[in-house]
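*Asks:* Counting from 664, one number per residue, gives the positions in the sequence shown under the numbering used here.
All C-beta atoms in this analysis are idealised placements derived from N, C-alpha and C, irrespective of residue type, glycine included.
Take this structure first; my questions come after.
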Amino acid sequence: MKRFLNCAHGIIGLAVLNASPPALANITVEATVSDSQVMLGDIVSVDIHAVASVNGDIAIHWPSVEGLTLIGQSEGTQMSMSWTSAGQQIRREKTLHVELSADTPGTKRIPPIVARVGRHSGESQPIKIDVQDPGTTTPPEIASSGKVVPPDSTEQDIFVRYRLSKGDVWLGQQVFLDLEIFASRQANFQVDSIPPPPDLDGFWRETLERPKRLSPRREIINGQTYQVFRAWRMALFPLQAGTRTLQPVPVEFRKGGRGFFGGGSRLRKRTRAVGLNVKPLPTDGKPNNFSSSNVGEYTLSAKLGQDSVVTGKAVVLRVTLSGQGNIKSARLPSLDSLEGFRVFPPTITDEVKVTLSGVKGQKTAEILLVPHQPGTFNIPSLELPIFRPEAGTYAVLQTPSLPLTVEGPAEPAPNAQAKTSEPELAQSQNPATDHRPLRFTATLSPPPTLPWRQPLWWTVLWLGPILLILRGMLSTLHRRWTQHRFHHNQRGVVEAQRRASRRLSEAELAAQQGNHPEVASACMDAFYASARGQLGIELQGKTAEELSQTLRDRGAPEAFANDVAKAFEEASYARYAPVSTPSDLLNTVRQWTNLAEGLKHMNKRVL
664 MKRFLNCAHG IIGLAVLNAS PPALANITVE ATVSDSQVML GDIVSVDIHA VASVNGDIAI
724 HWPSVEGLTL IGQSEGTQMS MSWTSAGQQI RREKTLHVEL SADTPGTKRI PPIVARVGRH
784 SGESQPIKID VQDPGTTTPP EIASSGKVVP PDSTEQDIFV RYRLSKGDVW LGQQVFLDLE
844 IFASRQANFQ VDSIPPPPDL DGFWRETLER PKRLSPRREI INGQTYQVFR AWRMALFPLQ
904 AGTRTLQPVP VEFRKGGRGF FGGGSRLRKR TRAVGLNVKP LPTDGKPNNF SSSNVGEYTL
964 SAKLGQDSVV TGKAVVLRVT LSGQGNIKSA RLPSLDSLEG FRVFPPTITD EVKVTLSGVK
1024 GQKTAEILLV PHQPGTFNIP SLELPIFRPE AGTYAVLQTP SLPLTVEGPA EPAPNAQAKT
1084 SEPELAQSQN PATDHRPLRF TATLSPPPTL PWRQPLWWTV LWLGPILLIL RGMLSTLHRR
1144 WTQHRFHHNQ RGVVEAQRRA SRRLSEAELA AQQGNHPEVA SACMDAFYAS ARGQLGIELQ
1204 GKTAEELSQT LRDRGAPEAF ANDVAKAFEE ASYARYAPVS TPSDLLNTVR QWTNLAEGLK
1264 HMNKRVL
């Protein structure tokens, strides 16, 4: 009996030791926002972290806020257990990541976010977000040459800026505009999308660089070191004087993502609007025949195709303007008339070179001169007034006079009527006394050999039938080879269609499952297979530009080639590939399906 009582006491003590303590009603909720000040249209992220020491699942209730549209959310849970002298302790955690689009301006207040576990609840502090409208903000400051606006308190981690090489420029002067991304060394981010260079009113523009992979450099701003990535560079030539405003553009990021498509939270940052002061060209010292399009650092030269020429033969006068500036819009000096010559209208050609250092090149005018008088002439000097923006002064470029020797008889002027003379009559050279009797001489020769007895007769006779037989044999071989090639091509087309259809089906299934890498791999593999089977070309390994040019060479329409280049350019960002929802991925699969259908139509045209 005593042993039984001792055993019962031990079991009861063990049960008491292992029993859970009374439920604690303590639930803590914390909410943090990625940016408290954003621009209209930006994406802002809110992270909610709830911790509870009670049994049961945590439910977080997100409130609806006018002007902030919910575009995506994700959540995660975690539970941990520990043993203390008081017994077993259970700790439950839940995180909710919410992405919002700022659709209306003004101050947005997110009320306290409530987390519940059964009858227990907790709430976070309210959040305030200030949404600014770039159209109603104060006018932007004039940009400083080569400098950017430092980040504010909400942009310490990552921000986007315009950088202008000059803040004050002359009308028509070349200025560089860069779109740059600044990120701290601790920032973990990927670039989802970069806007293309914008269409700016009042500017002629030329894209100088748009790299496929962003390369960082270091720069210190306000004592902090940032990694700077240049997204693109443009050359701008202002066409209107006054203060010109470069409006903000958005760049989308993903923070904390991993892998090719990665996860993480979306973030949209906009550039600050910057102003560019465009000064009108000065009136002091302005030549009378100056053209406002001749602004740049130029040189002028002239050269004759040859130093001497015969009357009536053309000689070419080449006048070349070279240097840095808007060479396409520049005007060359004209040569309307020249005494002793007929002057034809010039033929103008442009050779533009686009580099990181700017737009430069040369414009050449080829003028045909046809002399109609002999002598020694001097092609007069030609003058071209330009404006040098770096010096801020006008200059007159001149070509040297060129000597030209014209030989040969004088020809009538282009507008003169040529005179004709009566031909002289030829005198008879055969008088009657010059007649002589005819004499005939005959010789005997052997009779000619009959044709069929000559050696070449039978060769020529049989050559025709032999050639006909050979032609028939070659025609049969060619027909069989053509049929074999046709059937082989048909089998290749069918196999390409099967492989493309199979890979596109796999891409659609992967899109429904949210498998981003498989979607990209399957879609590109399907397009490569279709091009290889239907057009007989290998596109794998080519850049977007080379791929687009290859399709154009095979007769693809311009719009189709551009669509293919755009799709491959978006998919080729190995480090900065876009991240999409399953719905967006299905749209991507449909886009690649349409591109594969376009290859089928090209194959029909080629056949």
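I'd like the ranges of any beta strand (DSSP E) spanning at least 3 consecutive residues and lying wholly in the segment 894-970.
*Replies:* The qualifying runs are 905-909, 913-918, 928-933, 937-942, 959-967.
*Asks:* Which residue comes first and which comes last in the alpha helix (DSSP H) that contains R848?
*Replies:* For the purposes of this step, residue 848 is taken as residue 185 along the sequence shown, with counting starting at 1. Where R848 is concerned, there is no enclosing alpha helix (DSSP H), given that its DSSP letter is neither H nor E.
*Asks:* Could you have a look at F1231 and say whether DSSP puts it in helix, strand or coil?
*Replies:* Counting from one through the sequence shown, the residue named residue 1231 turns up at place 568. Three-state result, F1231: helix.
*Asks:* Pull up the distance between the alpha-carbon of G1261 and that of F1190, whole angstroms please.
*Replies:* Here residue 1261 is taken as the residue at index 598 of the sequence shown, counted from 1. Here residue 1190 is taken as the residue at index 527 of the sequence shown, counted from 1. Cα-Cα distance, rounded: 10 Å.
*Asks:* For Q1160 and I753, what's the separation of their Cα atoms in angstroms?
*Replies:* Locating residue 1160 in the sequence shown gives position 497, counting from the first residue. Locating residue 753 in the sequence shown gives position 90, counting from the first residue. Rounded to the nearest angstrom, the two C-alpha atoms are 57 Å apart.
*Asks:* Classify K875: buried if its beta carbon has 16 or more other beta carbons within 10 angstroms, exposed otherwise.
*Replies:* Stepping through the sequence shown from its first residue, residue 875 is reached at position 212. K875 should be labelled exposed.
*Asks:* Give me the Cβ distance between I792 and A694, rounded to the nearest whole Å; I'm assuming they're in contact under 8 Å.
*Replies:* Against the sequence shown, residue 792 aligns to sequence position 129. Against the sequence shown, residue 694 aligns to sequence position 31. So it is not a contact: roughly 12 Å between Cβ atoms.
*Asks:* Do G809 and R826 count as a contact pair if the criterion is CB distance below 8 Å?
*Replies:* Taking the first residue of the sequence shown as 1, we reach residue 826 at position 163. Taking the first residue of the sequence shown as 1, we reach residue 809 at position 146. It is a contact, given that the beta carbons lie within the stated cut-off.
*Asks:* Report the three-state DSSP secondary structure of T732 (helix, strand or coil).
*Replies:* For the purposes of this step, residue 732 is taken as the residue at position 69 of the sequence shown. Three-state DSSP puts T732 in a strand.
*Asks:* Under the three-state reduction of DSSP, which class applies to L703: helix, strand or coil?
*Replies:* Taking the first residue of the sequence shown as 1, we reach residue 703 at position 40. Coil, per DSSP.
*Asks:* Whole beta strand (DSSP E) runs in the segment 1032-1066 with 3 or more residues, listed along the chain?
*Replies:* The segment 1032-1066 contains these whole beta strand (DSSP E) runs: 1038-1042, 1046-1051, 1056-1061.
*Asks:* Can L899 and N957 be called in contact, C-beta distance under 8 Å?
*Replies:* Within the sequence shown, the letter at position 236 stands for residue 899. Within the sequence shown, the letter at position 294 stands for residue 957. The answer is no: Cβ separation not under 8 Å.
*Asks:* Can you tell me the Cβ-Cβ gap for V982 and G968, rounded? I've got them flagged as a contact below 8 Å.
*Replies:* Numbered from its first residue, the sequence shown carries residue 982 at position 319. Numbered from its first residue, the sequence shown carries residue 968 at position 305. No, V982 and G968 are not in contact; Cβ-Cβ is about 12 Å, not under 8 Å.
*Asks:* Got a sec? Which residues, its chain only, sit under 6 Å from S708 by beta carbon, not counting five neighbours each side?
*Replies:* Against the sequence shown, residue 708 aligns to sequence position 45. The answer, listed in chain order, is S697, E762, S928.
*Asks:* How would you label A1185, buried or exposed, when you count the other beta carbons within 10 angstroms and need 16 or more for buried?
*Replies:* If you number the sequence shown from 1, residue 1185 lands on position 522. Its Cβ being crowded by 16 or more others within 10 Å, A1185 is buried.
*Asks:* Helix, strand or coil for G975, going by three-state DSSP, please let me know.
*Replies:* Translated into the one-based positions of the sequence shown, residue 975 becomes position 312. G975: coil per DSSP, three-state reduction.
*Asks:* Can you give me the C-alpha to C-alpha distance between E1221 and L1198, rounded to a whole angstrom?
*Replies:* For this step, residue 1221 is matched to residue 558 along the sequence shown. For this step, residue 1198 is matched to residue 535 along the sequence shown. Each residue's Cα considered, the two are about 17 Å apart.
*Asks:* Which residue comes first and which comes last in the alpha helix (DSSP H) that contains L1210?
*Replies:* For the purposes of this step, residue 1210 is identified with residue 547 of the sequence shown, where counting begins at 1. L1210 -> alpha helix (DSSP H) spans 1207-1216.
*Asks:* For the beta strand (DSSP E) that D793 lies in, which residues bound it at each end?
*Replies:* Translated into the one-based positions of the sequence shown, residue 793 becomes position 130. Its beta strand (DSSP E) spans residues 790-795.
*Asks:* Name the DSSP beta bridge partners of V717, please?
*Replies:* Translated into the one-based positions of the sequence shown, residue 717 becomes position 54. None, per the DSSP bridge assignment.
*Asks:* According to DSSP, is K771 part of a helix, a strand, or is it coil?
*Replies:* Along the sequence shown, one-based indexing puts residue 771 at 108. Strand.
*Asks:* Taking the alpha-carbon positions, what's the V1227 to G986 distance?
*Replies:* Here residue 1227 corresponds to residue number 564 of the sequence shown, with the count starting at 1. Here residue 986 corresponds to residue number 323 of the sequence shown, with the count starting at 1. Whole-angstrom Cα-Cα distance: 36 Å.
*Asks:* Please classify A1095 as buried or exposed, where buried requires at least 16 neighbouring CB atoms within 10 angstroms.
*Replies:* Start at 1 with the first residue of the sequence shown, and residue 1095 comes out as number 432. Reliability fails at A1095, whose pLDDT of 41 lies under 50, so the model's placement of it is uncertain and no value is given.
*Asks:* Are the beta-carbon atoms belonging to L703 and P768 less than 8 Å from one another?
*Replies:* Residue mapping note: residue 703 aligns to position 40 of the sequence shown, counting from 1. Residue mapping note: residue 768 aligns to position 105 of the sequence shown, counting from 1. Result yes, Cβ atoms of L703 and P768 sit closer than 8 Å.
*Asks:* Take the Cβ of P803 as the centre, count every other Cβ of all protein chains shown within 10 Å, and call the residue buried at 16 or more, exposed below.
*Replies:* What you label residue 803 is simply residue 140 of the sequence shown in a count that begins at 1. Buried is the call here.
*Asks:* Please state the DSSP three-state secondary structure of F1007.
*Replies:* Position 344 of the sequence shown, counted from the start, is the residue given in the question as residue 1007. Three-state DSSP puts F1007 in coil, outside helix and strand.
*Asks:* Roughly how many angstroms separate the alpha carbons of L1172 and E729, rounded to a whole number?
*Replies:* Residue mapping note: residue 1172 aligns to position 509 of the sequence shown, counting from 1. Residue mapping note: residue 729 aligns to position 66 of the sequence shown, counting from 1. Going from the Cα of L1172 to the Cα of E729 covers about 36 Å.
*Asks:* By Cβ distance below 8 Å, which residues in the same chain neighbour L902 in space, the five residues on each side in sequence not counted?
*Replies:* Taking the sequence shown and counting its residues from 1, one reaches residue 902 at position 239. If we look at L902 and ignore the five residues flanking it on each side, its Cβ neighbours are L834, G835, G865, F866, W867.
*Asks:* Since D831 is in the beta strand (DSSP E), which residue starts that stretch and which ends it?
*Replies:* Taking the first residue of the sequence shown as position 1, residue 831 is located at position 168. Note, D831: beta strand (DSSP E), 831-833.
*Asks:* Does A1054 pass the burial test, meaning 16 or more other C-beta atoms within 10 Å, or should it be called exposed?
*Replies:* In the sequence shown, residue 1054 corresponds to position 391, counting from 1. So A1054 counts as exposed.
*Asks:* DSSP three-state call for E1002: helix, strand or coil?
*Replies:* One-based indexing of the sequence shown puts residue 1002 at position 339. E1002: coil per DSSP, three-state reduction.
*Asks:* What is the residue span of the beta strand (DSSP E) that L871 lies within?
*Replies:* Against the sequence shown, residue 871 aligns to sequence position 208. 866-872 is the extent of the beta strand (DSSP E) around L871.
*Asks:* What residue does the beta strand (DSSP E) around V811 start on, and which one ends it?
*Replies:* The count along the sequence shown starts at 1 and reaches residue 811 at position 148. Premise fails: V811 is in no beta strand (DSSP E) and is neither H nor E.
*Asks:* Taking the straight line between their C-alpha atoms, what separation do you get for V972 and P1072?
*Replies:* On the sequence shown, position 309 is the one that residue 972 refers to. On the sequence shown, position 409 is the one that residue 1072 refers to. Roughly 12 Å between the two C-alpha positions.
*Asks:* For chain B, find out if any of its Cβ atoms is closer than 8 Å to the Cβ of R1051; answer yes or no.
*Replies:* Absent from the structure is chain B; it holds one protein chain and no more.
*Asks:* For the beta strand (DSSP E) containing L863, name the first residue and the last one.
*Replies:* The residue labelled residue 863 in the question sits at position 200 within the sequence shown. Neither: L863 is in no beta strand (DSSP E) and is coded neither H nor E.
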